[in-house]
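Visitor: Before we start, here is the structure in question, set down as structure tokens.
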Amino acid sequence: MEAPRRDGGRVRELAGGQAPYAAILGCADSRVPPEILFDEGLGDLFTVRVAGNVASPEEIASLEYAVGVLGSKVILVLGHTSCGAVTAAVEGKAVPGQISALFQHITPAVPAGADIQTAVEANARHQTKILTTSSPVIREAIEAGTVEVRPAVYSLESGEVTLLG
Ligand SMILES: [Zn+2]
């Protein structure tokens, strides 16, 4: 870990604008902040985080801004092992407040009887598919070859990110 591009010079450099090379749709889990996982600095990553890394309309809108306005070249849909949101959606138990609002975005992704690791991977793939099929902005950028959208899973145990096929 080198913690690059986080000094005052970088702050001043970015004051007039941003051009993050990648966008991340990641989970809100405190153990998976993309800027730290990938050892990047200010202005490098356009990070959208929500429990279960779901591609609901507000997340799609944010990622459309990254791709269509800021010119990000990659969207990484980053799930992680032992994800609490995926686990809760799979188990389907009662949860407080509005937490269950997330489930509608996750349960369609998960095969019946899947274990949590399989469900996490299926969810990352599903959210990737939602992004690439429901957003004209992102779909057109893929067709033009200006952006690539890939699912991946971060291991809480090893600290490694594995791209999914
Ligand atoms: Zn999670």
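Residue 1144 in our numbering sits at position 14 of the sequence shown; the count goes up by one each step and never skips.
Just so it is clear, CB atoms sit at the ideal spot from N, CA and C, and this is done for glycine as well.
(1) Does at least one heavy atom of ligand 1 sit under 7 Å from the Cβ of H1210?
(2) Give the secondary structure of P1164 by DSSP, where H, G and I count as helix, E and B as strand, and everything else as coil.
(3) Taking 7 Å as the cut-off, is the C-beta of A1254 nearer than that to any heavy atom in ligand 1?
(4) Hey, would you say the C-beta of G1214 is under 7 Å away from at least one heavy atom of ligand 1?
(5) Cα-Cα, which of P1187, V1207, S1186 is closest to T1177?
(6) Could you pull out every residue in the same chain whose Cβ sits closer than 6 Å to the Cβ of S1288, ignoring the five residues on either side in sequence?
(7) Classify L1193 as helix, strand or coil using the three-state DSSP reduction.
(8) Of all the options A1242, A1153, T1217, Q1247, which has the alpha carbon lying nearest to the alpha carbon of E1189?
(9) Look at the Cβ atom of S1301, then the Cβ atom of V1277, and state whether they are nearer than 8 Å.
Guide: Straight from the coordinates:
(1) yes
(2) helix
(3) no
(4) yes
(5) When each option's Cα is compared against that of T1177, the closest is V1207.
(6) none
(7) helix
(8) The shortest C-alpha separation from E1189 is found at A1153.
(9) The requested residue 1301 is not part of the displayed model; the chain covers only 1131 to 1295.
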